[in-house]
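Here is the structure we will look at, set down as structure tokens.
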Amino acid sequence: MLQDGKKILVPVDFSDNAQKVFGAAVNMARTFGVDLVCLYVVQSFYDDFDGFIMPQMPILQFHQEVRTAAEKRMAQFTSENAPQGLTCSSEILDGDIAEEIVAYATAEEVGLIVMGTHGFKGLDRALFGSVAAQVVKTAPCPVLTVNPWR
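Below is the structure:
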């Protein structure tokens, strides 16, 4: 399934389900003896909503605050969840979530993407659609989707 030297990419959204999905990715990484990359994408609102809404705070400032918070959460997430003896790096990217996951997997020649079937719901789902479905359709490598409720 995984070629030598390939990494497993695990996109996280810091929802309650992220730990379960990450656990599945850890098991796969151990099974195949490969490294993990934990990825969070800060959704780019500037291109999507600039001129459409007039927020209290400039969109670029809001985006930077979200990115700074994501960097802190990622550091905490990986320190709490990455087991000893497993190489786990992390990346924070900006842009469309599904597109950035696929672009990263392509550029870094990722061997497998492990991601949840369910993340945030409600308004996020209405605004962004199913990230997992978009990634499955366009990924350059196999995608293992994990239902965190089973």
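In the numbering used here, the protein residues as written are 974 to 1123. The beta-carbon is built from N, C-alpha and C at its ideal position, and this holds for glycine as well.
Unbroken alpha helix (DSSP H) run spanning residue i, endpoints
{"i": "Gly996", "result": "991-1005"}
{"i": "Ser1052", "result": "1032-1054"}
{"i": "Val1014", "result": "From DSSP, Val1014 is part of no alpha helix (DSSP H) but of the beta strand (DSSP E) over 1009-1016."}
Supposed contact pair residue j and residue i - C-beta distance, whole angstroms, cut 8 Å
{"i": "Lys993", "j": "Pro1121", "result": "4 Å"}
{"i": "Leu982", "j": "Leu1012", "result": "6 Å"}
{"i": "Asp1067", "j": "Ser1017", "result": "6 Å"}
Counted within 10 angstroms of its Cβ, other Cβ atoms place residue i as buried (16 or more) or exposed
{"i": "Leu1100", "result": "With a pLDDT of only 41 at Leu1100, under the threshold of 50, the placement of this residue in the model should not be trusted, and no figure is reported."}
{"i": "Leu1085", "result": "buried"}
{"i": "Pro1113", "result": "exposed"}
{"i": "Gly1089", "result": "buried"}
{"i": "Ala1105", "result": "buried"}
{"i": "Val1119", "result": "buried"}
{"i": "Lys980", "result": "buried"}
{"i": "Ala1080", "result": "exposed"}
Residue j beta carbon less than 7 Å from that of residue i
{"i": "Val1087", "j": "Ala998", "result": "yes"}
{"i": "Pro984", "j": "Ile1065", "result": "no"}
{"i": "Ala1043", "j": "Val1010", "result": "no"}
{"i": "Ala1071", "j": "Gln1107", "result": "yes"}
{"i": "Phe987", "j": "Arg1040", "result": "no"}
{"i": "Val1007", "j": "Leu975", "result": "yes"}
Nearest neighbour of residue i, chosen from the options [CA to CA]
{"i": "Glu1053", "options": "Ala1002, Val1104, Ala991", "result": "Ala991"}
{"i": "Gly996", "options": "Thr1051, Asp1069, Ala1078, Lys1110", "result": "Thr1051"}
{"i": "Pro1056", "options": "Val1109, Ala1002, Gly1068", "result": "Ala1002"}
{"i": "Gln1049", "options": "Glu1038, Ser1062, Gln1037", "result": "Ser1062"}
Residue-level contact to chain D via CB, residue i, 7 Å cutoff
{"i": "Val1075", "result": "Looking for chain D here will not work: only one protein chain is present."}
N-terminal and C-terminal residue of the beta strand (DSSP E) that residue i is part of
{"i": "Thr1118", "result": "1116-1119"}
{"i": "Val1108", "result": "Premise fails: Val1108 lies in the alpha helix (DSSP H), 1104-1111, not in any beta strand (DSSP E)."}
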